[in-house]
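Notes to accompany the following structure.
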Ligand SMILES: [Zn+2]
């Protein structure tokens, strides 16, 4: 289970890549509401904007064995590029402007294509010319707008 926490990614990086950062600890287990939460090491995750990566803190609930992984807010699950950057790329294309530099056209094209599919599937064909609105709308619905997989 991934829990998004508000924290400064830069600050995490400076604290030993996350290992000596004071990660927020959940008050209770989101799965069983147990209040005993134990540390459960770290997991290495690669973040594009830092070229290196960060250690993300994990906690474990001894009651239901659920593992919680702390992830800085601002990233879609499975994506190493910040949400804002992806949105900026989409906005640029929607406005008929160039692809963003330093990101690679292929990937940005993938985002647009995936977004088109997600918007069509979840919001309907009428949204295809309102992609940026659709992007925000899907986030509000808890859907990763540029995901290649579909949640039902
Ligand atoms: Zn639990």
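Residue numbers (this note's numbering): -12 to 139. Ideal Cβ positions, reconstructed from N, Cα and C, are used throughout, including at glycine.
Out of 13, -11, 56, 44, point me to the one whose CA is closest to residue 7's CA. Taking the first residue of the chain shown as position 1, residue 7 is located at position 20. The shortest CA-to-CA distance from residue 7 to any of 13, -11, 56, 44 is the one to 44.
Residue 18 and residue 53 closer than 9 Å at C-beta: Mapped onto the chain shown, residue 18 falls at position 31. Mapped onto the chain shown, residue 53 falls at position 66. Against a cut-off of 9 Å, the Cβ pair of residue 53 and residue 18 comes out as a contact.
On the three-state DSSP scale, how would you describe residue 86? Here the question's residue 86 lines up with position 99 in the chain shown. The answer is coil: DSSP assigns residue 86 none of H, G, I, E or B.
Candidates -12, 110, 40, of which the one nearest residue 51 by Cα: As a first step, residue 51 is located in the chain shown; it is residue number 64 there, counting from the start. Checked all of -12, 110, 40; the closest Cα to residue 51 is -12.
Taking 8 Å as the line, does the beta carbon of residue 21 fall inside it for any heavy atom of ligand 1? The residue labelled residue 21 in the question sits at position 34 within the chain shown. Indeed, a heavy atom of ligand 1 lies less than 8 Å from the Cβ.
Where residue 126 falls: helix, strand or coil (DSSP): Taking the chain shown and counting its residues from 1, the one referred to as residue 126 is at position 139. Looking at residue 126 - three-state DSSP - the assignment turns out to be helix.
Delimiting residues of the beta strand (DSSP E) encompassing residue 44: Here residue 44 refers to the residue found at position 57 of the chain shown. First-last of the beta strand (DSSP E) with residue 44: 41 to 47.
Cα-Cα separation, residue 139 to residue 105: For the purposes of this step, residue 139 is taken as residue 152 along the chain shown, with counting starting at 1. For the purposes of this step, residue 105 is taken as residue 118 along the chain shown, with counting starting at 1. In this predicted model, residue 139 has a pLDDT of only 48, less than 50, meaning its place in the structure is not dependable; the value taken from the coordinates is given anyway. Cα-Cα distance, rounded: 11 Å.
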